[in-house]
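Structure first, commentary second.
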Amino acid sequence: MKNVTIIDYGMGNIKSLFNSLKFLGYNPVFFSEQKSIKSNICILPGVGAFNQAMKLIKKKQILNDLETYTNNKDNILLGICLGMQLFFEESSENHNTAGLGMINGKVKKLSNSKNDILPNVGWFETSINPNKTFDYLKQFDKQKFYYVHSYVVEPIDSKNQIATSVYNNKNFCAMTIKNTNIIGTQFHPEKSSKIGLDFLETLIKNSIN
Amino acid sequence: MRTIARIDIKNNYVIKGINLEGLRKIGDPINIVKNYYSNGIDELLIIDSVASLYGRNNLFDLIKNITEDIFVPITLGGGIRSLNDIENALNSGADKVAINSMALENPDFLKEAVSNFGESTILVNIEAKKISEGKWEPYKFCGREKTNLDLNNWIIEIQSKGCGEILLTSIDKEGTETGFDVELIENVEKIIKKPLIVSGGCGSLEHIEKLMIKFKNISVAVASVLHYKTLKISEIKKIST
């Protein structure tokens, strides 16, 4: 059984991610148990606040491991929701906090209008327009995935953005990539029913050498 | 609009009442949730209907069991009275918890819950009963106990403490299948700044259609129409998306 590492840094619900990987026939391994990433696919999950997440990542000294891991281009890193937001340089959630800085750009609130309803919760159609490396994700274009978030990533370079969805008639970034081995989703594939499981499985299958 | 299946549980059985009373046994929870999942339900709301009364939630094992092969958001409610309860719920595989009675006893509990688990994890469950023209009151313990609070003030208060979503159950309409409590929803819609899920009264597709025309950004939690097979999940989703 192929191992998939889940970075467990103490934020949010990782049980459903664990269960979904198991359901798909993989062997999910928590980083907190192994203390190193011993698979070539690794998932950075997260539900909660950006500043709190960065504090925990630093405290648990995960930074170096993530860097060493992603320097090897055969290793795939998938960030989900807050996990993807952490790839960016900075977030304004609670107070400005520096992120992992893998992708240029910031994390901002979806809307600053008092009349807009946040968090944005629900199943939203997602337009996916991947580059060559992630071409196999094209099959999920226009599918509905489950989102729950109040913040969004804003990559400076449009090359880093491969999908969008819509909030209040405005597009927001739904998926990001960096190089050939870092990819993130704003939605939760592990909570998006059969289509979400299919997405995870396709991504993992195409990433495993 | 999300279509959420509301599953009330008592002594290991899915039950259904009218006005949150006179409970009738529906069947085995595991079979029922698996059936709703495979038919495309958007979310599951699973409530231990006597937990608050007895001071504990008995559904952690059930949640553990169903989340091994059900992959839509699951909210667990009933008897969530401490941060430890929330942690147990999440560790069992729930994504969110629904809090009612404990919030009414100690509104600051919401603040604590949000700062520990993030607002998207915390759903406030309001069980509202009409007391006079244009006035509603939130109830405790699954509609069993009065609070003497005003519903609108209560909504303002919970939003100031923090939460990710609000579930509004109309006790007057619950289980009646006579349509959603439009008057109640109209009354609170303007002050609600969080995603709103309404529950109680759904008996037909027309009821949902009516709701969708009148209110934007609203989700529904339905029980009777699914339990008694009056409607198919696919039919509801067809009109709601």
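Heads up: the protein sequence lines correspond to chains A and B, in order.
Numbering-wise, the working numbering puts 91 at position 96 of the first sequence, and it's gapless, one number per residue.
Numbering-wise, the working numbering puts 325 at position 185 of the second sequence, and it's gapless, one number per residue.
Every residue, glycine too, gets a C-beta built ideally from N, C-alpha and C.
Setting aside the 5 residues that flank it on each side, A/Ser34 is surrounded in the same chain by Lys(-3), Asn(-2), Val(-1), Thr0, Val24, each with a C-beta closer than 8 Å to its C-beta; the list follows chain order. Distance from the CA of A/Asn14 to the CA of B/Val360, rounded to the nearest whole angstrom, comes to 27 Å.
A/Phe182 is the residue among A/Ile57, A/Tyr162, A/Phe182 whose C-alpha sits nearest the C-alpha of A/Thr171.
At a cut-off of 8 Å between beta carbons, B/Pro169 makes no contact with chain A. Approximately 6 Å separates the beta-carbon atoms of A/Ile32 and A/Asp60; this is inside 8 Å, confirming the contact. Taking the C-beta atoms as reference points, A/Lys10 is found no nearer than 8 Å to B/Gly343. In the three-state reduction of the DSSP assignment, B/Val322 falls in the helix class, which pools H, G and I. Here B/Ala229 carries a helix assignment [DSSP, helix/strand/coil]. Within chain B, Phe211 have C-beta atoms less than 8 Å from the C-beta of A/Gly191, given in sequence order. If the five residues before and after A/Phe129 are omitted, its C-beta is found closer than 7 Å to the C-beta atoms of Ile157, Ile172, Ile178, all from its own chain and listed in chain order. Each of B/Asn175, B/Ile206, B/Ile149 was checked against the Cα of B/Asn197, and the nearest Cα belongs to B/Ile149.
At a beta-carbon threshold of 8 Å, the residues of chain B lying near A/Ala44 are Gly258, ordered along the chain. Between B/Ser339 and B/Leu307 a beta carbon distance of about 6 Å is seen, short of the 8 Å cut, so the two are scored as contacting. Between A/Pro40 and A/Gly78 a beta carbon distance of about 5 Å is seen, short of the 8 Å cut, so the two are scored as contacting. Contact annotation: A/Ile71 and A/Ile36 have beta-carbon atoms nearer than 8 Å. Between A/Tyr141 and B/Pro213, the C-beta spacing is below 8 Å.
The beta carbon of A/Asp152 is closer than 7 Å to those of Asn99 in its chain, skipping five residues each way along the sequence. Apart from the 5 residues on each side of it in sequence, A/Lys186 sits with its Cβ closer than 7 Å to the Cβ of Ser11, Tyr141 in its chain, given in chain order.
In this chain, the beta strand (DSSP E) harbouring A/Pro23 covers 22 to 25. Annotation: Cβ neighbours of A/Pro114 in chain B (cutoff 9 Å, chain order): Glu259, Ser260, Gly304, Glu305, Lys334, Pro335. In the DSSP assignment, A/Tyr141 falls within the beta strand (DSSP E) that extends over 138 to 144. B/Ile155 carries a strand assignment under DSSP once its states are collapsed to helix, strand and coil. Counting only runs of at least 3 residues, the segment 83 to 167 of chain A fully encloses the following beta strand (DSSP E) elements, listed from N- to C-terminal order: 83 to 86, 98 to 104, 115 to 123, 138 to 144, 146 to 150, 156 to 162.
Here the segment 214 to 232 of chain B makes no contact with the segment 267 to 274 of chain B; the two share fewer than three CB pairs at distances below 8 Å. For the segment 350 to 362 of chain B, the beta-carbon criterion of a distance under 9 Å to any beta-carbon of chain A is satisfied by Asn357, Ser359.
Scanning the segment 196 to 273 of chain B for uninterrupted alpha helix (DSSP H) segments of 4 residues or longer gives 200 to 206, 223 to 232, 241 to 245, 248 to 257, listed from N- to C-terminal end. In the assembly as shown, B/Glu314 is a buried residue. Its beta-carbon has 16 or more other beta-carbons within 10 Å.
Look at B/Leu185: its C-beta is not under 8 Å from any C-beta on chain A.
Short of 7 Å from the beta carbon of B/Asp312, and not among the five residues preceding or following it, lie these beta carbons of its own chain, in chain order: Asn159, Lys269, Lys270, Asp321.
Taking the beta carbon of B/Arg142 as reference, the chain A residues within 8 Å of it are Val116, Gly117, Trp118, listed in sequence order. Distance from the CA atom of A/Gly191 to the CA atom of B/Ile181, rounded to whole angstroms, is 14 Å.
Taking the Cα of A/Cys76 as reference, the smallest distance to any Cα among A/Ser202, A/Val147, A/Thr159 is reached at A/Val147. Taking a Cβ-Cβ threshold of 9 Å, the residues of chain A close to B/Thr207 are Lys10, Ser11, Asn14, in chain order.
Contact residues of the segment 121 to 146 of chain A toward chain B are Lys139, Tyr141, Val143, His144, Ser145 (C-beta to C-beta distance below 9 Å). For A/Tyr162 and A/Cys168, the gap between their C-alpha atoms comes out near 10 Å. Within chain B, Tyr177, Gly180, Phe211, Val212 have C-beta atoms less than 8 Å from the C-beta of A/Ser188, given in sequence order.
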